[in-house]
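Note sheet for the following structure.
2 protein chains.
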Amino acid sequence: MSRNKPDTRTKILESTWRLLESTTGDDVRMSDIAKEAGVSRQALYLHFPNRVDLLIATTRYLDEVKNIDARLAASRSATTGLARLDAFIEAWGNHIPEIFGVAAALLAMQDKDPAAKEAWSDRMQAVREGCEAAVKALDQDGRLRPELDADKATDLLWTLLMVHNWRQLTVACGWTQEAYVDAMKTLARRMLVCET
Amino acid sequence: MSRNKPDTRTKILESTWRLLESTTGDDVRMSDIAKEAGVSRQALYLHFPNRVDLLIATTRYLDEVKNIDARLAASRSATTGLARLDAFIEAWGNHIPEIFGVAAALLAMQDKDPAAKEAWSDRMQAVREGCEAAVKALDQDGRLRPELDADKATDLLWTLLMVHNWRQLTVACGWTQEAYVDAMKTLARRMLVCET
DNA sequence: TCCTGACTTGACACCATGTAAAGTTGACAT
DNA sequence: ATGTCAACTTTACATGGTGTCAAGTCAGGA
Numbered sequence: 044m045s046r047n048k049p050d051t052r053t054k055i056l057e058s059t060w061r062l063l064e065s066t067t068g069d070d071v072r073m074s075d076i077a078k079e080a081g082v083s084r085q086a087l088y089l090h091f092p093n094r095v096d097l098l099i100a101t102t103r104y105l106d107e108v109k110n111i112d113a114r115l116a117a118s119r120s121a122t123t124g125l126a127r128l129d130a131f132i133e134a135w136g137n138h139i140p141e142i143f144g145v146a147a148a149l150l151a152m153q154d155k156d157p158a159a160k161e162a163w164s165d166r167m168q169a170v171r172e173g174c175e176a177a178v179k180a181l182d183q184d185g186r187l188r189p190e191l192d193a194d195k196a197t198d199l200l201w202t203l204l205m206v207h208n209w210r211q212l213t214v215a216c217g218w219t220q221e222a223y224v225d226a227m228k229t230l231a232r233r234m235l236v237c238e239t
Numbered sequence: 044m045s046r047n048k049p050d051t052r053t054k055i056l057e058s059t060w061r062l063l064e065s066t067t068g069d070d071v072r073m074s075d076i077a078k079e080a081g082v083s084r085q086a087l088y089l090h091f092p093n094r095v096d097l098l099i100a101t102t103r104y105l106d107e108v109k110n111i112d113a114r115l116a117a118s119r120s121a122t123t124g125l126a127r128l129d130a131f132i133e134a135w136g137n138h139i140p141e142i143f144g145v146a147a148a149l150l151a152m153q154d155k156d157p158a159a160k161e162a163w164s165d166r167m168q169a170v171r172e173g174c175e176a177a178v179k180a181l182d183q184d185g186r187l188r189p190e191l192d193a194d195k196a197t198d199l200l201w202t203l204l205m206v207h208n209w210r211q212l213t214v215a216c217g218w219t220q221e222a223y224v225d226a227m228k229t230l231a232r233r234m235l236v237c238e239t
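Chains A and B supply the protein sequences, listed in that same order. Following my numbering from start to finish, the first sequence increments by one per residue and tops out at 239. Following my numbering from start to finish, the second sequence increments by one per residue and tops out at 239.
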């Protein structure tokens, strides 16, 4: 884990990220990344076995830099179930735009590449666990709608918070990030929480 | 519009559909379709200029066979706004599994191919119009939540009914089609409709 | 000085899409 | 019967991106 030098590997990861960020980059090729990193195309293959693994490594790098795990974990410290739900939605919802470029690239190749599917599904499993924890906290407060069991409620919240829905509302419909997060909070309550 | 003979074009469209339907078909190639249709690969190019256009033609063929437009239009005949919302969700929600295979293929190539993006966005625009009509009917009954304007409400309903959410709940979470439709109806009401 | 590891250069195999051109076949008009 | 035309087949090839391979460069350390 010694990463001190100018570090070509990091340069590559940063470049990949940067290119995927610029939404204009419809389809980012290996040679594009190499050029951006100021490195030969072959150098990429010295550090990553293939394109998919490079993208996956980029998401992990991003998670590390943005420290999403810590931020999601923070939402667990809320005292009431409701506060926890809000905190979780806020943490995750505000993380989405940070990872969206990379996420979209990974999503795009899900059908073709099993490894990409696997990698994405891993990340989403982490989100699901966050949803589950929030739902359980709600249940323990007796605020979960009685007609919902914890599994169904988790499924619903998980689905609501998917990247696709963020994309639709912000990118396609032009909502602001704040409007998105607020709407998600409201909807989650209406979906899951019972009165009083 | 004379289509009477054994009709290679139709055979190709049917084969494309069939292959995309079988979700195992991760990535359906032109040669796969040709083989399935019992036709040379080049024959495909006699009928469709390229892969994207073939996929788009397949969606149109499907729409025609399944007669979705008529079914969506039928939802407009409901008398109250609430009934209309339900009818629309039922019509569209039950159409999704019919088109899902083709839709997924078209979605997968959205980033790469502008024509695919265009085609899909066209179809989704039709859905949006349905959402808008339902929201307006609700508004006229005075049942639309006062804190929502018609645009925002349409955005939300449209997002809720996206194919991705169907996929997540049924394919990923294992919900039945009925459970999905019921949940969407309930959620739409909770999202959009005010009390009394 | 020589070695080694990181990187470059250039060539190439692979695979899917799409193009091009010549050959086959069957229906149909005369 | 013959010629023609359209639909389809066969074969070959260009293109573009991924991934592999092998030889070459070059700086820094023992």
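Even glycine gets a Cβ: it sits at the ideal position worked out from N, Cα and C.
DSSP bridge partner residues for residue i (one or two, in chain order)
{"i": "L187/A", "result": "V236/A"}
Residue i versus residue j - alpha carbon distance
{"i": "I55/B", "j": "I76/B", "result": "7 Å"}
{"i": "R186/A", "j": "K109/B", "result": "43 Å"}
{"i": "T123/A", "j": "P157/A", "result": "39 Å"}
{"i": "M44/A", "j": "L128/A", "result": "Residue placement at M44/A is poorly supported in this model, since its pLDDT is 38, which falls under 50; the coordinates are not used for a value here."}
{"i": "K160/B", "j": "L150/B", "result": "8 Å"}
{"i": "G144/A", "j": "T59/B", "result": "31 Å"}
{"i": "L200/A", "j": "R171/A", "result": "8 Å"}
{"i": "K289/A", "j": "V71/A", "result": "Not covered by the structure: residue 289/A. The range shown for chain A is 44 to 239."}
{"i": "D184/A", "j": "A130/A", "result": "16 Å"}
{"i": "E238/A", "j": "R188/A", "result": "8 Å"}
{"i": "Q85/B", "j": "S65/A", "result": "38 Å"}
{"i": "D80/A", "j": "R166/B", "result": "Here residue 80/A turns out to be Ala, not Asp, going by the sequence shown. Distance between the alpha carbons of A80/A and R166/B is about 39 Å."}
{"i": "Y104/A", "j": "M152/B", "result": "26 Å"}
{"i": "N47/A", "j": "M234/A", "result": "The predicted position of N47/A is uncertain, since its pLDDT is 43 and thus under 50; no value can be drawn from it."}
{"i": "D106/B", "j": "L230/A", "result": "32 Å"}
{"i": "S50/B", "j": "Y88/B", "result": "According to the sequence as given, residue 50/B is Asp; it is not Ser. Looking at the two C-alpha atoms, the distance is approximately 15 Å."}
{"i": "A121/B", "j": "D112/B", "result": "16 Å"}
{"i": "R119/A", "j": "A100/B", "result": "49 Å"}
{"i": "V224/B", "j": "A193/A", "result": "19 Å"}
{"i": "L212/B", "j": "C174/A", "result": "15 Å"}
{"i": "G136/A", "j": "A162/A", "result": "20 Å"}
{"i": "I139/A", "j": "V206/A", "result": "7 Å"}
{"i": "M227/A", "j": "T202/B", "result": "12 Å"}
{"i": "L204/A", "j": "I132/A", "result": "8 Å"}
{"i": "H90/A", "j": "R52/A", "result": "6 Å"}
{"i": "A169/B", "j": "W218/B", "result": "26 Å"}
{"i": "A196/A", "j": "I142/A", "result": "25 Å"}
{"i": "V236/B", "j": "A117/B", "result": "22 Å"}
{"i": "A222/A", "j": "D182/B", "result": "22 Å"}
{"i": "D154/B", "j": "R94/A", "result": "17 Å"}
{"i": "L98/B", "j": "K179/A", "result": "44 Å"}
{"i": "S164/A", "j": "D198/A", "result": "14 Å"}
{"i": "L115/B", "j": "A134/B", "result": "6 Å"}
{"i": "C216/A", "j": "S74/B", "result": "38 Å"}
{"i": "T102/B", "j": "A147/B", "result": "11 Å"}
{"i": "A177/A", "j": "Q220/B", "result": "26 Å"}
{"i": "L125/A", "j": "R210/A", "result": "25 Å"}
beta-carbon residue i near the ligand MN non-hydrogen atom, thresh 7 Å
{"i": "Y88/B", "result": "Of the ligands one can find in the structure shown there are none, so the ligand MN has no counterpart to examine."}
8 Å Cβ cut-off: residues of chain A touching residue i
{"i": "K179/B", "result": "Chain A residues near K179/B: none, gap ~17 Å exceeds 8 Å."}
{"i": "L202/B", "result": "Looking at the sequence itself, residue 202/B is Thr, so the reference to Leu does not match. Result: N208, Q211, L212, C216."}
{"i": "A147/B", "result": "D154"}
{"i": "M73/B", "result": "Those do not exist, as M73/B stays about 15 Å from chain A at its closest Cβ, beyond 8 Å."}
{"i": "L125/B", "result": "What L125/B touches in chain A: nothing, since even the nearest Cβ is about 16 Å away."}
{"i": "D70/B", "result": "D154, K155"}
Chain B contact residues for residue i, given Cβ-Cβ distances below 9 Å
{"i": "D165/A", "result": "Per Cβ cutoff of 9 Å: no residues; D165/A is ~14 Å from chain B at best."}
{"i": "L87/A", "result": "Residues of chain B passing the Cβ test: none, with the nearest at roughly 20 Å."}
Chain B residues whose Cβ lies nearer than 8 Å to that of residue i
{"i": "D129/A", "result": "The premise fails here: D129/A is roughly 18 Å from chain B at the closest Cβ pair, so nothing lies under 8 Å."}
{"i": "A158/A", "result": "Neighbours of A158/A on chain B: none; closest Cβ ~12 Å, over 8 Å."}
{"i": "A134/A", "result": "Ordered by position in chain B, no residue passes the 8 Å Cβ test against A134/A, which lies about 20 Å from the chain."}
{"i": "A176/A", "result": "Going along chain B, no residue has its Cβ under 8 Å from A176/A, so there is no contact; the nearest lies around 17 Å."}
{"i": "D192/A", "result": "Neighbours of D192/A on chain B: none; closest Cβ ~12 Å, over 8 Å."}
Interface partners of residue i on chain A, CB under 9 Å
{"i": "L38/B", "result": "Look at the range of chain B in this structure, 44 to 239, and you will see that residue 38/B is not part of it."}
{"i": "L98/B", "result": "Within 9 Å Cβ-Cβ: nothing; L98/B doesn't reach chain A, min ~13 Å."}
Contact set between residue i and chain A, taken where Cβ atoms lie within less than 7 Å
{"i": "D112/B", "result": "Correct list: empty, because the minimum Cβ distance to chain A is about 22 Å."}
Within chain B, partners of residue i - CB distance below 7 Å
{"i": "A162/A", "result": "Simply none; closest approach about 15 Å."}
*Given a limit of 8 Å on CB to CB distance, which residues of the stretch 208-232 of chain B reach chain A?*
Those would be N208, Q211, L212, C216, W218, A226, L230, in chain order.
*Whole runs of the alpha helix (DSSP H) within the stretch 145-190 of chain A, excluding any shorter than 4 residues*: List check, alpha helix (DSSP H) in window: 157-183.
*Give, in chain order, every residue of the stretch 47-65 of chain B whose Cβ lies closer than 9 Å to some Cβ of chain A.*
Cβ contacts with chain A come from no residue of the stretch 47-65 of chain B.
*Secondary structure, alpha helix (DSSP H): runs of 4+ residues fully inside the stretch 77-145 of chain B*: Here the runs fully enclosed are 84-90, 94-109, 111-117.
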